[in-house]
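Keeping their order, the protein sequence lines are chains S and H.
Sequential numbering of the first sequence, starting at 23, is according to the numbering used here.
Sequential numbering of the second sequence, starting at 2, is according to the numbering used here.
Where is the CB? At the ideal position from N, CA and C, for every residue including glycine.
These numbers were taken from a predicted model, which means no experiment stands behind them.
Below is one structure, written out as structure tokens, with a few remarks after it.
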Amino acid sequence: MNPTILLIEDDAQIRRFLRASLVTQGYELIEAGTGREGLALAASRVPDIVLLDLGLPDMEGLEVINQLRTWSGVAIIVLSARGQERDKVANLDAGADDYLTKPFGIGELLARMRVALRKTLPTEDNQPEPTFSLGQIKVDFERRLVFRGPEEVHLTPIEYKLLTVLIKHRGKVVTHRQLLKEVWGPSYIEQNPYLRIFILNLRRKLEADPTRPQYLLTEPGVGYRLRDE
Amino acid sequence: MQPEPTLGGAPPPTEQATLASRERLLVCLSPSPFSLPLIRATKRIAEAQGARWYALYVETPAHSRLSREDQELVSQALYLAAQLGGQAVKVSGFRIGDEILAFARDNRISKIFVGKPYERRWRRFLGLSLVDHLIWHCGLIDILVISGEGEEAVPGAPTALKGRRWLWEYLLAAGGVGLCTGLGCILFPYLALTNLAMIYLLTVVIISSFLRQGPAIFSSLFSVAAFAFFFVPHYYSFAVANTEYAITLVVMLVVSLLVSGLTTRVRHQARVSRQQERQTAALYEMSQNLTAIDSLEELLKVAAEQISTIFDSRVTILMPDSEEKLRIRAGHPFSDDDVREGMVAKWVFRHGHLAGAGTDTLPAVKGIYLPLLASQNIIGVLRLETNQPDRLLGADSLRLLEALGAQAALAISRENLSRQAQVARFQIEAEQMRNALLSSVSHDLRTPLTVIAGSASSLLEGENHLDGSTKQELAQTIYEEARRLDRLVHNLLEMSRLQSGEVKINLEWHVLEEVIGCALAQLDSQLQEHPVSISLPTDLPLVQIDALLLERVVINLLENAIKYTPAGTPVEISGRLQDKEIWVAVADRGPGLPAGQEERIFEKFYQLAPRSARGAGLGLTICRSIIEAHGGHIGAANRPGGGAVFSFTIPLVEGAPILDKVEKNLPDEPDHPAH
């Protein structure tokens, strides 16, 4: 069965372009022009992914997310304009899974959707993988070893923890707050500068050119993302 | 003496009014309460005839002998005349009648109005009455005598204090002559009679140079009498032995009267010129001080201080705010316990008339309120409160105060005008900028839109005969142009947000390397044709910046380099720690900057070669706004060996988190939630 996508977007042109692209890609698309309509459809049709536009005429995107999250764990991808970094962070912290900044290419959208579906669709084996590899980087979870190419990289316990959290959410943006909470604990969620320093160190150990990272990507004003493929 | 207009309040009637009527009326003022109804009567007649009218007061040496109340009456009368639309004039002179007639002839007066005055019977009997004098000498001018409306016009009654002082002066004069007679008795055996007469004359000169005219005349009469009684034979009698002595006595009388008269005149002249000198000096100093100032606040402050010093008083300048409510703008704040003060200030502001202590309008308050008039508009109110609570300003001081007020008002309106001119200039500049923006933006928006529309329509229409690679190319073009459009719109929005102050700088500790990395990531596709090298020290401290704004700076500098340099040339990003700041540079190997344009390129909509490259010329302006908001500097220069280098600095802030501390502050073994 094809995954069902609920698109909540008031602009007809954007709906048209997404319809054309997504249907060709084999997704089943449901469209809603308002937040209320979208919530009703989310309840009746139970989609796999919700694509939510932030500039809805009837309600705030944050409110749609909050209402959805009271009864559904469906993957939510927010479509937002540039300059709304605070909104993005608020939406992600409220439970949205990822975001895309308009204008976006269809390739970016499809990649985000694949990551989001991985979370919701059952995979062949639900057991945690023993190893992870991404380009040059290889992680052996059982032995807590990290390799860059053939060489072993020595990470501090915190750096290792940071990397594993990013791997767990790979392909998906993780906000500063989420990272600090998952790595250090709930009492450290305001320590953004320290997080930046650790990311810098991790990049210096894992990236070929730490200034132009290939794996550990920065989402400006929002958080970090580990490249997925 | 030249007539001096005393009040700036009343504009002279326009030429049209004078053409309509040849009538020119003159009302003569005296230190009498009757002057006020006399002025009103004249004004009514002048209005009925459409005539221009003047109010004249002749200041004689006697003016200084008037009581303060009478002097006030004169200045009130002059104010009233000016307020009612007449031209108030004060001249100095000795003979009132002659001065009036001279003024009337000079100003082609057709009718003179005088009050029916109280005059001493003997003057009238001798034909010395002012009215008689005017009637005899007026020629073609009509003289109209107006009687008081039920009130007897009485010249200021001498007060008890004044009376005592007069008596004292006469006694002093008598004493002086007595002393001189005593001296004469001693010297009588040794001196000729004529020399004794000289001693008497000297005494008269001395007395008249210190005392007023009355005692001076008294002293000359008294000394002639004493001389005749004691020293002219027959002694101890007023009888004169022969005619020669009689001649001596007559000559002595005439000479001493003349001398006393001349001496008092000289004293009067000296007093008048001293006063004028004082006023001129005060006005000059004020105008000197006010011309040099170009801010309104400073100007008001200096004016208030200056007037305070001149009058030994506390001066406040009140001006209306945007809601037309009077507010203290400069000077000494006064207590608003007395609500009347504020009311008087408001009244003065509304009516433009002097009021307050020592004037005839609303005198029950502590301050004198002077309207500040500039080109017919009331722009504010000047309040003055003397430091001695019971001292009021005399008529002369009031005139000086008014002149100073007028000058301050002039300076204020000059300042206002120059500010208006500045605002107008800004508006013109803003207008020009809007036009530049419109033309630049419409060009920059249309170009990518044309490309997108053209490519898309090619794709639509050429569905069947376009080969795969052409389709791919067209689609790629559409995609890139759309991206460019997006960046342009973003820059425009950012610019207007920066300009409107809407952008709140969100300072946080950041790693510079990461910010530069983000900028590079955003320009990935454009940078493919330019090799980028980055050299940053690994030990740069964290900087306190708004990462999104700083990223914009780096993006704009990189885009600029891409825009103006040929494909294949390298772009170098470097940074270093210097002093108390971090220095970052983006350098290229393009054609460089034209000499002298290093600063201009940061101006809005400036482009090196208009139309040749894309973008609205906003990028560098945005960079400068952002860097300056961070307390840094941005600049551009040509590189040795060719190319341009754009560099900016970011000040370092104390207390940057450093890694060592991080390891200690954050538990290395993460604490796990209970489940």
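Original post:
Is the region 502-519 of chain H close to the region 485-494 of chain H, with three or more CB pairs under 8 Å?
Top reply: no
Original post:
Can you give the Cα-Cα distance for H:F312 and H:G332, rounded to whole angstroms?
Top reply: 14 Å
Original post:
For chain H, is any of its Cβ atoms less than 8 Å away from the one on S:L222?
Top reply: yes
Subject >> Nearest candidate by alpha-carbon position, reference S:T197, set S:R108, S:A62, S:V161 >> reply: S:R108
Original post:
Around the C-beta of H:E152, are 16 or more other C-beta atoms found within 10 angstroms, so that it is buried, or is it exposed?
Top reply: The predicted model places H:E152 with a pLDDT of 40, which falls under 50 and marks its position as unreliable, so this point remains unresolved.
Original post:
Counting contacts by CB-CB distance shorter than 8 Å, is H:D487 in contact with chain S?
Top reply: yes
Subject >> Local Cβ density within 10 Å of H:W169, reported as buried at 16 or more and exposed below that >> reply: exposed
Original post:
Hey, how far is the Cα of H:L319 from the Cα of H:A283?
Top reply: 22 Å
Subject >> Close beta carbons around H:G87, own chain, < 8 Å, minus the five adjacent residues each side >> reply: A11, V28, I40, T43, K44, A47, W54, Y55, A56
Original post:
Within the 8 Å Cβ cut-off, does S:D109 reach chain H?
Top reply: no
Original post:
Taking Cβ-Cβ distances below 9 Å as the criterion, which residues of the region 226-240 of chain S are in contact with chain H?
Top reply: R226, D231, P232, T233, R234, P235, L239, T240
Original post:
Between S:G129 and chain H, is there a C-beta pair that is closer than 8 Å?
Top reply: no
Original post:
Alpha carbon to alpha carbon, how far is H:H352 from H:A82?
Top reply: 15 Å
Original post:
Can you find a CB in chain S that lies within less than 8 Å of the CB of H:E560?
Top reply: no
Subject >> Pairwise C-alpha distance: H:I429 and H:G632 >> reply: 30 Å
Original post:
H:V512 versus chain S: which residues are under 9 Å apart at the beta carbon?
Top reply: P215, R218, I219, I221, L222
Subject >> Limits of the alpha helix (DSSP H) - the one that H:K564 falls within >> reply: 548-565
Subject >> DSSP-derived helix/strand/coil call for S:T178 >> reply: coil
Subject >> Interface positions of the region 535-568 of chain H facing chain S (Cβ-Cβ less than 9 Å), listed along the chain >> reply: I535, L537, T539, L543, A548, L549, E552
Original post:
What distance in whole Å lies between the Cβ atoms of S:D75 and S:I99, which are believed to be in contact at a cut-off of 8 Å?
Top reply: About 10 Å separates the two Cβ atoms, so there is no contact after all.
Original post:
In chain S, what lies closer than 7 Å to H:L517 by C-beta?
Top reply: First, the residue type needs correcting, since residue 517 of chain H is Ile and not Leu in the sequence shown. What H:I517 touches in chain S: T233.
Original post:
Over what stretch of residues does the alpha helix (DSSP H) that includes S:K203 continue unbroken?
Top reply: 198-205
Original post:
Going by the CB atoms, is the gap between H:G593 and H:N561 shorter than 8 Å?
Top reply: no
Original post:
If you follow the alpha helix (DSSP H) that H:R577 is part of, which residue opens it and which one closes it?
Top reply: H:R577 -> not in any alpha helix (DSSP H); beta strand (DSSP E) instead, spanning 572-579.
Subject >> H:S220 versus H:W167 - alpha carbon distance >> reply: 14 Å
Original post:
CB-CB under 6 Å to S:G245, same chain, minus the five flanking residues each way: which ones, in chain order?
Top reply: V195, V196, T197, H198
Subject >> Simplified DSSP assignment, three categories, for H:Y236 >> reply: coil
Original post:
Looking at the C-beta of H:A483, does it have a partner C-beta in chain S at a distance below 8 Å?
Top reply: yes
Subject >> Extent of the continuous beta strand (DSSP E) to which S:I30 belongs >> reply: 26-30
Subject >> Beta-carbon proximity list for H:I535, same chain, < 6 Å, skipping 5 on both sides >> reply: I574
**OP:** Starting from the Cα of H:Q408, find the closest Cα among H:Q277, H:G569, H:L371, H:C624 and give me that residue.
**Re:** H:L371
**OP:** Mind listing the chain S neighbours of H:E509? Cutoff is C-beta to C-beta under 8 Å, in chain order.
**Re:** N214, P215
Original post:
Is the distance from the Cβ of H:L363 to the Cβ of H:G406 below 8 Å?
Top reply: no
**OP:** With DSSP collapsed to three states, give me the class of S:S155.
**Re:** strand
Original post:
Starting from S:E229 and walking both ways along the beta strand (DSSP E), at which residues does that stretch end?
Top reply: No beta strand (DSSP E) holds S:E229; DSSP gives it neither H nor E.
Original post:
To the nearest angstrom, how far is it from the Cα of H:R213 to the Cα of H:L385?
Top reply: 33 Å
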